[in-house]
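Residue numbers (the working numbering), protein chains in the order written: chain H, 122 to 392; chain L, 391 to 677; chain Y, 1245 to 1530; chain E, 16 to 285. The structure appears right after this line, and notes come after that.
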Amino acid sequence: MKLIEVTNRDNGPASNATKIKVRGLNLYYGVFQALRDINLDIIEKSITAIIGPSGCGKSSFLRVFNRMNDLIPSAKTEGMIELDGESIYARGCDVVELRKRVGMVFQKPNPFPMSVFDNVAFGPRRHGNHNKSELEEIVERSLIRAALWDETKDKLHQSALSLSGGQQQRLCIARVLAVQPEVILMDEPCSALDPIATMKIEDLMRNLAQEYTIVIVTHNMQQAARVSDRTAFFFMSEDRAGILVEEGPTTEIFTNPKDKRTEDYVTGRFG
Amino acid sequence: MPRISPKTSERLAKILLWGAGFLTVLILAAIVIYVLVNGVSEINWEFLTTPPIGGLSGEGGISTIIVTTVYLILITIFILTPVGIGAAIYLSEYAQDNILTNFIRYAVETLAGVPSIIYGLFGYALFVSALYLGHSLIAGALTLVCLLLPTMIRTTEEALRAVPQEYREASLALGATRWQTIWHVALPAALPGIATAIILSTGRVIEETACLYVTLGGSAAMPRSILSGGRTLALHVYYLAMDTMAFDKAMATAAVLIIIIVIINLFTNWLSQRFRSAYTAMEEGRP
Amino acid sequence: MRRFIDRASRYVVLLAASISFLILFAIAFFIIARGLPAIQEIGLVEFVTGTVWRPGQGQYGILPMIVGSVAATFGSLILAIPMGLGCAILLAEIAGRRARRFLRPVVELLVGIPSVVYGLVGMVLLVPLVRNLGGNGYSVLAASIVLMAMILPTITSISEDAIRAVPRAYREASLAMGATQWQTIRHVLLPAARSGIGASIVLGMGRAVGETMAMIMVIGNSIKFPTSPLDSARTLTGNIALEINYASGLHEDALFATGIILLVFIIILNTISFFALRRSRAQNIA
Amino acid sequence: MRKVFAKWSTGILSLVALAIALTGCGGALSGTITESGSTTVQPLAEKLAAAFTEENPDVEIIVQGGGSGQGFKDAVDGISDIGALSRELKTEEAGQVVKHVIARDGIAIVVHPSTTVSNLTKEQVRDIFAGNITNWNEVGGPNQEIVVISREEGSGTRGAFEEMVMEGDLITTEALFYNSNGALKTAVAGAPYSIGFLSFGYLDSSVKALSINGTPATVENAKSGVYPIVRPLLFVTKSEPEGLVKEFIDFCLSEEGQAIVEEEGYLSVT
């Protein structure tokens, strides 16, 4: 049974090189194990969707890549995660440097309570660029890339909070682009948006995938099917730890899943 | 101007922040240790149980001072508690959004920021002079009631508001009147919070000087009635430090004060923790 | 009967609530009723801008005391803002659980120490130290340092709450862009918490302006204009407490008038902090 | 919960009982006298009260400070039975109360113990307090600025000092101010190069009393009239004293009372 149409795309992944390599990943919050023995390759310049029922550790998994879990004192990560062949949890790894390379877009649009311009310029400024004309250029380029320039070019110095929800989320994407990351993590970026805004973001994602490696967590299976090149299905084991059930090209996961649990999930039998 | 790299500024900032924290600890330690080191050696059973000799010689102990402080606390709390709880009940259980309520809220907010010496002036004008109470325990206590009422109301109101609405609904649904619901459900549940408010008020009575300086008189004798004057421990510290050369006795009295305040702080922390754990237990459905 | 109690109790608690309203009214009434005639007799301008306070000679100028109060308060703020804000950031963002468990009771205890104890330690320990810098030690500087210790907890705890109240999302967004922790604090958290921080400073200011006994003990109480931090001065509050027991007639009323001026200061400060705190709450909900 | 409330009400009941006990101080042979005012008179009044209540154990005498102005006011307003003043009544005050001179007191000019100067003329004292002399070297001391310490406006000691020494000149605004004899003594004892004025009753080794016009500040010199700064200590009552208040004032003026006055370092009036 097939409920979801997978969009056929000619462009597909631009390459087959592995950007991020995860081997034997275990994540704990105190005594609770949130993720168990995850092995996954993220392909460069493609979109990888992570799907699965609530509470199976999808967001936690995403936060492994830019070490946002470090903010939780009880969090402990085991295993190997490599970005371009270098371990990101190694002792010498600079978290700040890592987060410049791995950007993140959050579930709810979270622009700072500053102007549109200052929001986009925030990252470059923090990384030491205070040249006005360079900043203007970066802001314009990033907003164009995030398909927001036309709507905001006249109100760059107005508060970012005056934008609509969809615009705010694209602003957050522009803000990430301004830092020139290699990987963009998106944690349910459309869950707080209406369908039209969602569509705009999805178009944007496809567009960005030509240059960036994108990992997206989504609840919305249609969305995963529409935008992603590859899909990873997460599930909860009996002790509530998240496990990776199956991973592969999106078409295959949605049309010909190998695992019974995946099939049940994508056909909407539960979840 | 060369810009400092983000990493250097991060390191520098953290050093400064820890420095601020360290300095705060140092200030407290300096005060507490200085007072205790200079005062504790004077504290003994005799010091606590003999009255000060004369008002101004600085010799003798602090027995009458302790008694006065205790009396003042009892009288103040005795008047403060019903009024404060009553007002808090009105604000949390009955108040509607009307002019009177807004006035009351504004009054509570404003009164909380008025300095103690203004209360002192007021108490002096009203209780001491106009009502002919003289410099006395009752004048001091009434002034303190005015001073402490805003905090008492606020803390109690918070405690009442923290009681889950479901409790009240359950009680009302069983046919209890509103007052019965408040009396038998809301108040008992808020009791630890109210107790905290009372203890905090007790602490304030002990700490207060300025408003008592102009309403309590300052007699070092044992009070015989609520119309007697007197001095509290804090006032005694002031008189000893300012009017006598007995810095050792002043330090000893200050040490007694600090010890009491530490005990009160520990007790309120313990109470509020109990209060909090009681609520988490409720929310998790345990009894 | 049950109904009657139910209905009566409502009025009883309303009465209790109205008492606070009555007290405010009574305070305003008594202070103003006693102070206003004095202001009328002396003349408001003469009273507030007069530079000589000699009640015996019929001269009632409180400008030196206004300057004294402002100088001591301002001095204490210069010292307390960096310290208090530093502690607030430390407690809210940086310190681990253990450091926090240690530091928070320290701040709480600083609130609880009676002001006479601050005054006593200031008098015995601080004044002789300040004397080494010149002057006689009883000075605006000594007063500022004592006040700093007293308002530090106010600034720390309210600023800490304000910083904590900044939505988590801001913090994460900034960190996720590769900003360092300090950059996140400096450029995201502090700007977002600025209303609350401002309120904490204003409240601290109110506490400093209102402090009485500790000021009498360390500031020297002279009635001249302080021209350096090492000069002695007198505060508005000190003026009231020192003289109320000795005053009679117009002199006494002039002290109530001093109370009016003090009350005006406090009400302005309270109103500012009231609105600042409301704004900060509103911002964080948005 | 009911138990807690039971405890509460017991507590409240005992509080009420306490309040009643505190108020209840009736009895035929007993009574209460309240005295307030001058801090100069306060230690003396405390001693007199202690001696009087020792003989009449059912009498309570509440002795409070507040200052001379306060003492006068309290007596007029009926807040206290007896007001204490450490200065002569002002002309406008004189008609409103009945005065009783219970003792006389010298005012000493005191300096920090380390001060080398030990004698000043009355004129020099005046110039120092008026701010005309600001350095000790102008009066034969070291080259150090003089720290002038004064009592508050309204203080009886200050009033008497102004009347007898300042003679119309004003005390400098540069002075530090304290509002009791004790506070002033503490301040002088604590600040090098300071000078102040103090009731004889408060003199001790922590401060140094200067000779005035060559006359040392002693009770003998004050009594013989050689020492120039002496003022009366007064009890005032609103009307002619009667009953208990009269008993107490008579006691103060008795031989026994005046012995206490001398013992405390003041001058007896008999």
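Ideal Cβ placement from N, Cα and C applies to all residues, glycine included. If you're wondering where the values come from, they're calculated on a predicted model, not measured in any experiment.
Per-residue contacts from residue i into chain Y (C-beta, under 9 angstroms)
{"i": "LEU259(E)", "result": "Per Cβ cutoff of 9 angstroms: no residues; LEU259(E) is ~25 angstroms from chain Y at best."}
Identity of the residue in the options nearest residue i by Cα
{"i": "ILE589(L)", "options": "TYR480(L), LEU402(L), SER526(L), MET542(L)", "result": "MET542(L)"}
{"i": "TYR557(L)", "options": "LEU577(L), SER618(L), GLN486(L), MET641(L)", "result": "LEU577(L)"}
{"i": "PHE1265(Y)", "options": "ALA497(L), LEU406(L), PRO554(L)", "result": "ALA497(L)"}
{"i": "PHE1318(Y)", "options": "GLY1440(Y), ALA1386(Y), TYR1490(Y), GLN1425(Y)", "result": "ALA1386(Y)"}
{"i": "GLU167(E)", "options": "LEU1307(Y), GLY1482(Y), SER1253(Y), ALA1526(Y)", "result": "GLY1482(Y)"}
{"i": "ALA1261(Y)", "options": "PHE493(L), LEU511(L), GLN663(L), PRO554(L)", "result": "PHE493(L)"}
{"i": "THR319(H)", "options": "VAL241(H), HIS278(H), VAL348(H)", "result": "VAL348(H)"}
{"i": "THR47(E)", "options": "VAL276(E), ILE227(E), ASP96(E), GLN273(E)", "result": "ASP96(E)"}
{"i": "SER1388(Y)", "options": "PRO1358(Y), GLY1356(Y), LEU1323(Y), ARG1375(Y)", "result": "LEU1323(Y)"}
{"i": "VAL67(H)", "options": "LEU219(H), GLY389(H), GLU359(H)", "result": "This structure cannot settle anything about residue 67(H), because the visible part of chain H is limited to 122 through 392."}
{"i": "VAL241(H)", "options": "PHE227(H), ILE202(H), LEU298(H), ILE171(H)", "result": "LEU298(H)"}
{"i": "ASP265(E)", "options": "GLY205(E), PRO247(E), THR285(E)", "result": "THR285(E)"}
{"i": "LEU1288(Y)", "options": "LEU1354(Y), SER1383(Y), LEU1307(Y), VAL1368(Y)", "result": "LEU1307(Y)"}
{"i": "LEU161(H)", "options": "GLY145(H), ILE168(H), ALA155(H)", "result": "GLY145(H)"}
{"i": "VAL125(E)", "options": "GLU182(E), LEU282(E), ILE244(E), ALA109(E)", "result": "ILE244(E)"}
Neighbour list for residue i in chain Y, Cβ cutoff strictly below 8 angstroms
{"i": "PHE517(L)", "result": "Near PHE517(L) there are no residues of chain Y at all, since even the closest Cβ is about 10 angstroms away, more than 8 angstroms."}
{"i": "ASN187(H)", "result": "ALA1420"}
{"i": "VAL162(E)", "result": "ASN1380"}
Residues that residue i contacts on chain E, provided the C-beta gap is smaller than 7 angstroms
{"i": "SER1383(Y)", "result": "Residues of chain E passing the Cβ test: none, with the nearest at roughly 10 angstroms."}
{"i": "SER618(L)", "result": "ILE77"}
Contacts of residue i in chain L (Cβ-Cβ under 7 angstroms)
{"i": "GLU75(E)", "result": "ARG614"}
{"i": "ASP1191(Y)", "result": "For chain Y, the structure presents residues 1245 to 1530; residue 1191(Y) sits outside this window and is missing."}
{"i": "GLN1427(Y)", "result": "PRO396"}
{"i": "ARG247(H)", "result": "PRO396"}
Where residue i meets chain H, residues with beta-carbon distance less than 9 angstroms
{"i": "PRO442(L)", "result": "The premise fails here: PRO442(L) is roughly 53 angstroms from chain H at the closest Cβ pair, so nothing lies under 9 angstroms."}
Environment of residue i [buried if 16+ CB atoms lie within 10 Å]
{"i": "ILE1504(Y)", "result": "buried"}
{"i": "TRP660(L)", "result": "exposed"}
{"i": "GLN85(E)", "result": "buried"}
{"i": "GLU50(E)", "result": "buried"}
{"i": "ASN147(E)", "result": "exposed"}
{"i": "ALA1417(Y)", "result": "buried"}
{"i": "PHE153(H)", "result": "exposed"}
{"i": "VAL19(E)", "result": "Any reading at VAL19(E) must be qualified, since the residue scores a pLDDT of 46, below 50, and its modelled position is unreliable; no value is offered."}
{"i": "HIS248(H)", "result": "buried"}
{"i": "ARG246(E)", "result": "buried"}
{"i": "LYS639(L)", "result": "buried"}
Minimum Cβ-Cβ distance from residue i to chain A less than 8 angstroms
{"i": "VAL415(L)", "result": "This model lacks chain A altogether; the protein chains it does include are H, L, Y and E."}
Contacts that residue i makes with chain Y (C-beta to C-beta distance below 7 angstroms)
{"i": "GLY583(L)", "result": "Residues of chain Y passing the Cβ test: none, with the nearest at roughly 17 angstroms."}
Amino acids of chain L, ordered along the chain, whose beta-carbon sits closer than 8 angstroms to that of residue i
{"i": "TRP1297(Y)", "result": "The contacting residues do not exist; TRP1297(Y) stays about 17 angstroms from chain L at best."}
Beta-carbon neighbours of residue i, restricted to chain L and to distances below 9 angstroms
{"i": "SER195(E)", "result": "LEU446, TYR629, MET632, ASP633"}
Open item on the list: List, from N- to C-terminal side, the alpha helix (DSSP H) runs of 4 residues or more that fit wholly inside the segment 198-242 of chain E.
Closed with: 234-239
Open item on the list: With a threshold of 8 angstroms, are at least 3 pairs of Cβ atoms found where one atom belongs to the segment 562-579 of chain L and the other to the segment 592-608 of chain L?
Closed with: no
Open item on the list: Report the start-end ranges of each alpha helix (DSSP H) in the segment 494-518 of chain L that is 4 residues or longer and not cut off at the edges.
Closed with: 506-513
- [ ] Would you check if the segment 625-635 of chain L and the segment 504-511 of chain L touch, i.e. whether three or more CB-CB distances between them fall below 8 angstroms?
- [x] no
- [ ] Pair every Cβ in the segment 217-227 of chain E with every Cβ in the segment 1486-1498 of chain Y, then say whether three or more of these pairs are closer than 8 angstroms.
- [x] no
Task: Touching by the beta-carbon criterion (3+ pairs, under 8 angstroms), the segment 1472-1479 of chain Y and the segment 452-464 of chain L - done: no
TODO: Spell out a yes or no on whether the segment 253-265 of chain E and the segment 142-161 of chain E are touching, meaning 3 or more CB-CB pairs, one atom from each, closer than 8 angstroms.
DONE: no
Open item on the list: Does the contact criterion of 3 or more C-beta pairs under 8 angstroms hold for the segment 258-272 of chain E versus the segment 58-78 of chain E?
Closed with: yes
Open item on the list: Can you confirm whether the segment 308-327 of chain H touches the segment 136-145 of chain H when touching is taken to mean that 3 or more C-beta pairs between the two stretches lie within less than 8 angstroms?
Closed with: no
Task: Start-end ranges of the alpha helix (DSSP H) lying completely within the segment 1390-1463 of chain Y, minimum 4 residues - done: 1412-1420, 1425-1428, 1438-1454, 1457-1463
- [ ] Determine contact between the segment 218-233 of chain H and the segment 1394-1407 of chain Y, defined as no fewer than three beta-carbon pairs at a distance below 8 angstroms.
- [x] no
Open item on the list: For the pair the segment 475-485 of chain L and the segment 1252-1260 of chain Y, tell me if three or more CB-CB distances fall below 8 angstroms.
Closed with: yes
- [ ] Assess, as a yes-or-no matter, whether the segment 174-182 of chain H is touched by the segment 353-368 of chain H under the definition of 3 or more beta carbon pairs within less than 8 angstroms.
- [x] yes
Task: Every unbroken alpha helix (DSSP H) inside the segment 530-609 of chain L [4 residues or more] - done: 555-563, 568-571, 577-597, 600-603
TODO: Flag this pair as touching only if the segment 1450-1464 of chain Y and the segment 1353-1372 of chain Y have three or more C-beta atom pairs under 8 angstroms; answer yes or no.
DONE: yes
Task: Contact between the segment 1339-1353 of chain Y and the segment 176-184 of chain E (3+ Cβ pairs under 8 angstroms) - done: no
Open item on the list: So within the segment 1320-1378 of chain Y, which uninterrupted alpha helix (DSSP H) runs reach at least 4 residues, ignoring any that extend past its ends?
Closed with: 1341-1356, 1359-1365, 1371-1375
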